[in-house]
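Participant:
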Amino acid sequence: MASLADVDKHRVTAVLVSHNGALWLPEVVAALTSQTRPIDLITAVDTGSQDASTKLLKSARIPFFVADRETGFGEAVSLAVEKLPKAIDHEWLWLIHDDCAPAPTALAELLSAIDNRPQVVMVGPKLLGWHDRTHLLEAGISIAGNGARWTGLEPFEYDQGQHDGIHDVLSVSTAGALIRRDVFEELGGFDHNLSLFRDDVDFGWRARTAGHSVIAATSAVAFHAQASATERRTIDVEGAFLHRPLLLDRRNAAYVMLANSSWWMLPWIALQLFGSAIARAIGFLLAKLPGYASDEILAFTSLIIRPKKILEARKVRKKQKFVSARVVATYIPPRWSQLRLGTERLVELVRAKVFPENNSSSVSILDSVEDEDLLTPVNTSNWLSIFKRPEVLGFVAITVITLINSRNRFGALVGGALPISPSGARDLWSFYLESWHQVGMGSSLATPSWVAVMAIASLVTLGNVQFFIISFFIIAPILMMWSCFNLLKKLTSNSWISIPAALLYALSPVTIAAISSGHIATLVLLIAVPFVALILHDWRRIENYSWRKISSVSLLFSLLYAFTLMSFVIAFIAAIVITLDNYFDFKVSQDKELLRDRISKRAALIFVPFFVNAPFSFEAIVHPSRFLTEPGLLIPGGGPLPVLFGNPGGTGSIPLWLVSPILLILVISLFSSTHARGIAEYGFGALCLAVLVGSLSISTHGNEGAVRVWTGPVLSIATLAAVASGAVMLDRLRETLVLSHIHYRHVLSAILLFVTASYAVLAIGYSVTTGADSAVQANRATVMPAFLSVESQTKILVLREIGSEDDKKIQYYISRGKDISLGEPDIAPKQNTEIATAARALIDGTGITSSKVLGDYGIEYVFAKSPFKKEIVRSIDGLGGFTRTSATSLGVVWRVSQPTGRLLFINKDDVRSVLETGEFGTPTYVPGPGTLILTESSNRSWQVLQNGYRLNRTNNEMGLPTFEVTEAGEISLIHDGTARRAWLSLQVIFLVIVIVMALPAGRRKREISEKELA
Amino acid sequence: MKLVRPLRFLAVLISVLGISSVLSVAVTTQNFSESYPVVVCPPTLDGLGSQISLSSKKTPYQKLQNRSIKTARVKVLRLPVKKDSLVITSEGVTPVVWQSKSGVWAGGAVCVGPASSQWFVGGAADVTTRGRLIIVNSGLGDAEVDVETYTENGKQPLRTEKVSSKSYIVIRIDSLAPGDKRVAVHVAPRSGRINAFMIDEQGKGLKALGGDLVNAAVAVSKNVVIPAIPNQNSKNKPALPHTLRVLAPGDVDASITVEVLSGDGVFVPVGLNARSISAGIVTEFKLDPKITSKVMAVRITSTEPVVAAVKSTTVASGRKDFVWSTAAPELVRLTMAITGLDPAISFAGENINVALNVTLTNGKVVQQSIKGSDFAKWRIPENARSFTITKVGQGTYAGALVSSVNGYGYFPIAAGSVLTKIEVPDSNIRVLNP
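Taken in sequence, the protein lines are chains F and C. If you read the first sequence in numbering that gives the first Met the number 0, its first letter stands for residue 0, the second for the next number, and so on. If you read the second sequence in numbering that gives the first Met the number 0, its first letter stands for residue 0, the second for the next number, and so on.
Structure (structure tokens):
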């Protein structure tokens, strides 16, 4: 406590500014009058209050005058100061807000703090919350480079005296600030452009550059309601556009930064302000607070379009500046500290979500009985006992089985449905974004969304896609078991049931087949379906789901749709069935509102993800077979019979004799009286759908031949339903069986357990032996020889015998010099009829014109991959128009005799030549007038530019794009990607909307209770 | 009531199974294109005469050098060839070419489609030889052919020949292994539609010693059957001599057992049981079986794949000639044109059961069935245009012997052009995935 003698040399004039502060004013007035060091003079300014503020002032006998309603805080203080008697030495202005109540000793402590510090011109108290008086609001303030108000405190920081002391600060809040009157007047008071907010920082900044000091004395305490900042009252000051406090705050923050910073810092500061405004605006949008988002943008733009104000402000500050601006730099928080604080907040947020505090378990120390501790036996936990827990045993087992099964898959994976992965995520992104894909004769089909998902997911492996795919295939069974276990935990508390059941799920026929044949989508579904079941377990009563939850599930569905639109088919059919059921309910209840709510929510759940996956999903409407595919090559399924037993069949599937118990479990569960019955009905529905779908044949993904549909995605649901219903049945079965006489249940249980155990043993045996020699293998030799990849953009007709030794089939495709990579089969175009005919004629020996046709389509080479039928090689040799260029162990290569390439030029004399094109957009010289033929599939986005004009484009009789050239000169060939970019933008918009909808909504400050705020 | 719902589910599943079985039947995944490749007949070299036996006057053909894809009709059933090699679209009928040097020798060969490998066991490269190897490229692109020669001195350096499109080259056999007496040649095209033919003609000074067209074996085998070997004998004179030439072209020596099959029975000649032959060395054995049959067959069983042929001395119209009886592939159903040849066909096999239809020049069809064990022979009726093997048991081999005024000839009963069933290929991007 300062001595009274020291305090007496100061004269303190309190200036109280009120504006609709009747709520807090009584306590403020009381606080002022109860100061241990009495205020020498008190004056008040009311800025057009419409409440009882003036009455209260009057009744408190505080002299006041009324200013205009739009008068800002600084202006009001200036008006008050003008009316004061002439300044004397050691006269201080104590600025009091109408919502700020200083503690009784506040003034005394403030004066004590400045007593031996003559350089101090501004001192502020420690500000605590109005309601929660342990909530530390401020102990000095500053401004961050991005304009954020910087207190250096944690949110809702509890005041334990941790920041106590006298600190040099950039500024202090005007609430309770003590300012030397002569300096206040010398600096021209607060900047009138800052009618509210940030005037304190600005003043502190100016005081600092004028050579003075500003301190925060935490021994002085004031309680602040922050009524304007927390939107407890309307902002009526001049320039407060739309009366929005955030807008005013942000504009003023930018103003302070731009008016006070050094010239050379201005561009960087402006950029930082703009960038942070955008970032915050996005954040507010995500929190569904568009008003705040617009405040952020408007604040910056409204200031930047009026630079005159800033220039004038800078002129004023230049005159007042006496020391280098570097004195302020020490008070501006470094960028890393902002980042650290932001990260800490994010981590805390996530922690709170993931590990919510369990208050119920907290026991008062008063309730504890210390004596009990002595009686409780000491728990000496033997760590070996961990291995007796079913969870540990189960996960160790699946890890060991998976590692043994994956012994041939440690390396770049390829084979089955899985093409080789590009090395980096960048390649996937460029593939996803490009409008023209050089696959076959070229394709403009939309790249499916899973490519983007994969590119994002590969960030886990630092963008290494190959490593990500390897890791994914190895870890997938473990993830499946984990996700299934999470579901089963809700169905049974007995881990000895849930763990083996989850293990069976991870060793199910569909899992083994999906891993062996490289079906990524099925693996993703197998991992995700248990979570979907967890979230949507009560989707018959979908009306109970909030729109936010619907949006969250839509996001999950979007991910599944991205990998396979078969998930859309499943969801759509399921929705129809359940909606019919709901309709029958409606017939009884006649509750239209309920029915409408259910239908609209269900429709949103099914169709919103479809929109999020546009344009890939929209294209499926035109190519319906895409509804039944999944990423990669079209590998045939096994048909309805294996599917009936839960085995998708085809390449990589377990043999038919290894019958899984899926069908048996589902059938038995159907007759169960437990909850298993309901689950089994879903499984049965999925199984029926799988059998039906498995009998269909489609040709897509670059495969002209019709092949049976792979039913993995549908079977994943049937498998999960079987596992879940089995677990539910077994849960209390033992007790039931023990208590009852032997009857059919005992027999059925025995059969079921025997079949399941047999399958488990055999499946594990198969998995660790033959199962390892799957179609998907690591580090396989490429199809295309390296020497054919040297010439870029070369089209090569590749002939190859595909299939097993007993069932080989000759197939062909046009290569661009390299093997296909991830995503390319999904957008592979349908084969051109003429090329197909030429290729067939090449094989059957009748293709005398094959060489010409291939040449016309820009195909430069024919490559027969070894081993290949010698008769056909001889046949091609003898056809004419092909010149053998090599015959190695990799295969035989012929060059098409006529000159050909990507861009052909036919001059007026009908002489054909090949133009070098390079990458798209590279200038190419055309020797004279004539016709350009682009040997890529026709597409309206092809453009050839000459002298800034587009050449007229038509299609020739072969369907290839041709361009009329009227003069010699340089041309550029481009594929206009505007349409693709537009679609991608649309997709991003859809996605952002769904993400925003799924995120928890932010609250406006006025919606937050005062208790929460302070 | 409790069971109604589960039973409904089961009923739905059964219905779905029914529907899916109907749906899945509609799928066919493979289409095939069937065709007989064109066959190529050897060119007629200077001093020789050729006739090709055909089964139809409407058979299209083309001269090898003709660059056009147009074909002409033969218009006759026995087409004389002055010079060119002919490419014949015989559509499953195997034409037979009969070549002769007037008053010196005659021989027959089967016109065949392009082959990926041909083994010629016959000829010599010593001073007596006038033999030639003819390599025909009937394709529109240039071809490269490896010619591997084996003699009694082992494998000779590989020779690679380039044959321009639609042309043929003639290589003198004595240039392949100068001075060597026992020759076997393997023609293996690296590229192109290649057929090779060999003429073995021998003479001593101005004296002609005969000649023959040596038919090719397509592959080496551990079981080689030479089904028709002329064995001209009479009561007063000893049978004319035979020589068995064998080559094991691999890296391991072979142990061979030779059985002679004839109307007199089956026996292994002395010294030819488990006889060892060196790998890569062309080995000859004298084969003079004491049998009364005019025709015989030889079956060779070996521990390693071998090729073999039997050279038989013959006399036709009082002139000495020789015949190279070569290995025949297993007999399959086929049609062979034999207009004007009047061949005697020999069958070899444990259970011979062959049914034939013989079409005469007047269009009549005569049916014939041949049954026997180990060996059977049958002479085709005169004025036969073609014969069709309609039924044949497993393990049966056949060869034909023809005697003419110019000499004696042999050709195996083998399809020159087999029905090629080529699957119509599909476009599938899978070919670009390892």
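The C-beta atom is built at its ideal place from N, Cα and C for all residues, glycine as well.
Are the CB atoms of Leu-931 (chain F) and Leu-903 (chain F) within a distance shorter than 9 angstroms?
Facilitator: For Leu-903 (chain F) and Leu-931 (chain F), yes; Cβs fall inside 9 angstroms.
Participant: Closest to Ala-527 (chain F) by CA distance: which of F:Ser-694, F:Ser-566 and F:Ser-515 is it?
Facilitator: Ranking the options by Cα distance to Ala-527 (chain F), first place goes to F:Ser-566.
Participant: Leaving out five residues before and five after Thr-690 (chain F) in sequence, what residues of the same chain have Cβ atoms less than 6 angstroms from its Cβ?
Facilitator: For clarity, residue 690 (chain F) is Val in the given sequence; the question names Thr instead. Pro-639, Val-642 and Leu-643.
Participant: Can you give me the C-alpha to C-alpha distance between Val-224 (chain C) and Ser-416 (chain C), rounded to a whole angstrom?
Facilitator: Taking the straight line from one Cα to the other gives about 21 angstroms.
Participant: Sorted by chain position, which residues of the same chain lie with C-beta nearer than 8 angstroms to Pro-103 (chain F)'s C-beta, five sequence neighbours on each side aside?
Facilitator: Answer for Pro-103 (chain F): Ala-30, Ser-33, Gln-34 and Thr-35, listed in chain order.
Participant: Check whether the Cβ atoms of Tyr-812 (chain F) and Leu-431 (chain C) sit closer than 9 angstroms, and answer yes or no.
Facilitator: Taking 9 angstroms as the Cβ cut-off, Tyr-812 (chain F) and Leu-431 (chain C) qualify as a contacting pair.
Participant: Please compile the residues from chain F whose C-beta is within a distance smaller than 7 angstroms of the C-beta of Phe-8 (chain C).
Facilitator: Within chain F, the residues near Phe-8 (chain C) are Leu-669, Glu-680 and Phe-683.
Participant: Excluding the five sequence neighbours on either side, which residues of its own chain have a C-beta within less than 7 angstroms of the C-beta of Arg-179 (chain F), listed in chain order?
Facilitator: Cβ neighbours of Arg-179 (chain F) beyond the five flanking positions: Trp-91 and Val-120.
Participant: Please identify, using Cβ separations under 9 angstroms, the residues of the region 870 to 887 of chain F that lie next to chain C, in order along the chain.
Facilitator: Residues passing the 9 angstroms Cβ filter: Glu-870, Ile-871, Val-872, Arg-873, Ser-874, Ile-875, Asp-876, Gly-877, Leu-878, Gly-879, Gly-880, Phe-881, Thr-882, Arg-883 and Ala-886.
Participant: For Ser-261 (chain F), report the span of its alpha helix (DSSP H) as first-last.
Facilitator: Ser-261 (chain F) -> no alpha helix (DSSP H), and no H or E assigned at all.
Participant: If we ignore side chains and look at the alpha-carbon of each, how far apart do Leu-365 (chain F) and His-130 (chain F) end up?
Facilitator: Any reading at Leu-365 (chain F) needs caution, since the residue's pLDDT is 48, under 50, leaving its predicted position unreliable; the model's value is listed next. Approximately 28 angstroms between the Cα atoms of the pair.
Participant: Along the chain, where does the beta strand (DSSP E) that runs through Lys-864 (chain F) open and close?
Facilitator: Residues 858 to 864.
Participant: Ends of the alpha helix (DSSP H) at Gln-155 (chain C)?
Facilitator: First-last for Gln-155 (chain C): undefined, no H or E at that position.
Participant: Taking 8 angstroms as the limit between beta carbons, can you name the residues of its chain near Leu-175 (chain C), skipping five residues before and five after?
Facilitator: Only Ala-124, Leu-132, Val-146, Thr-148, Gln-155, Arg-158, Val-182 and Val-184 meet the Cβ criterion.
Participant: Three-state secondary structure (DSSP) at Lys-125 (chain F)?
Facilitator: Lys-125 (chain F): strand per DSSP, three-state reduction.
Participant: How would you label Asp-49 (chain F), buried or exposed, when you count the other beta carbons within 10 angstroms and need 16 or more for buried?
Facilitator: Correcting the residue type first, residue 49 (chain F) is Gln in the shown sequence and not Asp. The residue in question, Gln-49 (chain F), is exposed, as its Cβ has fewer than 16 Cβ neighbours within 10 Å.
Participant: Looking at C-alpha atoms only, which residue of C:Ser-84, C:Ala-336 and C:Lys-376 is the closest neighbour of Leu-359 (chain C)?
Facilitator: Of C:Ser-84, C:Ala-336 and C:Lys-376, the residue nearest in Cα terms is C:Ala-336.
Participant: Suppose the cutoff is 7 angstroms on Cβ atoms and the five residues either side in sequence are ignored; what does the same chain contact list for Ser-84 (chain C) look like?
Facilitator: Counting only Cβ-Cβ distances below 7 angstroms, and skipping sequence neighbours, we find Val-39, Cys-40, Pro-41, Pro-42, Leu-63, Val-135 and Tyr-167.
Participant: Closer than 7 angstroms by beta-carbon distance: list the chain C residues that pair up with Ala-780 (chain F), in chain order.
Facilitator: Result: Pro-433.
Participant: Leaving out five residues before and five after Val-452 (chain F) in sequence, what residues of the same chain have Cβ atoms less than 8 angstroms from its Cβ?
Facilitator: The answer, listed in chain order, is Leu-558, Ala-561 and Phe-562.
Participant: Within a Cβ cutoff of 7 angstroms, which residues of the same chain sit near His-9 (chain F), ignoring the five residues on either side of it in sequence?
Facilitator: Hits under 7 angstroms: His-89, Trp-91 and Leu-110.
Participant: Would you mind giving the Cβ-Cβ distance between Ser-940 (chain F) and Ser-434 (chain F), rounded to the nearest angstrom? I have them listed as a contact below 8 angstroms.
Facilitator: Rounded, the Cβ-Cβ distance is 6 angstroms, consistent with contact.
Participant: Hey, quick one: how far does the alpha helix (DSSP H) through Gln-61 (chain C) stretch, first residue to last?
Facilitator: Per DSSP, Gln-61 (chain C) belongs to no alpha helix (DSSP H); it is in the beta strand (DSSP E), 59 to 62.
Participant: Could you have a look at Pro-79 (chain C) and say whether DSSP puts it in helix, strand or coil?
Facilitator: DSSP places Pro-79 (chain C) in strand when its eight states are reduced to three.
Participant: Just to check my reading of the structure: Ala-886 (chain F) and Arg-189 (chain C) have Cβ atoms closer than 8 angstroms, yes? What is that Cβ distance to the nearest angstrom?
Facilitator: Indeed, because the Cβ distance is near 6 angstroms, the residues count as touching under 8 angstroms.
Participant: For Leu-798 (chain F), which of helix, strand or coil comes out of DSSP?
Facilitator: In the structure shown, Leu-798 (chain F) sits in a strand (DSSP, three-state: E or B).
Participant: Within this structure, are the beta carbons of Ser-116 (chain C) and Val-21 (chain C) separated by less than 9 angstroms?
Facilitator: Taking 9 angstroms as the Cβ cut-off, Ser-116 (chain C) and Val-21 (chain C) do not qualify as a contacting pair.
Participant: Please decide whether Gly-138 (chain C) counts as near chain F, where near means a Cβ-Cβ distance under 9 angstroms.
Facilitator: Yes - at least one Cβ of chain F is within 9 angstroms of the one on Gly-138 (chain C).
Participant: Any C-beta of chain F sitting closer than 9 angstroms to the C-beta of Ala-195 (chain C)?
Facilitator: No, Ala-195 (chain C) lies away from the interface with chain F (no Cβ there is under 9 angstroms from its Cβ).
Participant: Would DSSP call Tyr-35 (chain C) helix, strand or coil?
Facilitator: Residue state, collapsed to three classes: coil.
Participant: Verify the CB distance criterion: does Tyr-811 (chain F) have a CB-CB separation below 9 angstroms to chain C?
Facilitator: Output row for Tyr-811 (chain F): interface = yes.
Participant: When DSSP builds the beta bridges, which residues end up paired with Lys-161 (chain C)?
Facilitator: DSSP, once it has assigned bridges, lists C:Glu-143 as partnering Lys-161 (chain C).
Participant: Any beta-carbon of chain C closer than 9 angstroms to the one on Ala-835 (chain F)?
Facilitator: Interface residue, yes.
Participant: Tell me, which residues are paired with Lys-314 (chain F) by DSSP?
Facilitator: Lys-314 (chain F) is not bridged to any residue.
Participant: Can you confirm whether Pro-784 (chain F), when its beta carbon is compared against all beta carbons of chain C, has any partner nearer than 9 angstroms?
Facilitator: Answer no: the Cβ-Cβ gap between Pro-784 (chain F) and chain C never drops below 9 angstroms.
Participant: When the distance is taken between beta carbons, is Leu-126 (chain F) closer than 9 angstroms to Ser-172 (chain F)?
Facilitator: Contact: yes.
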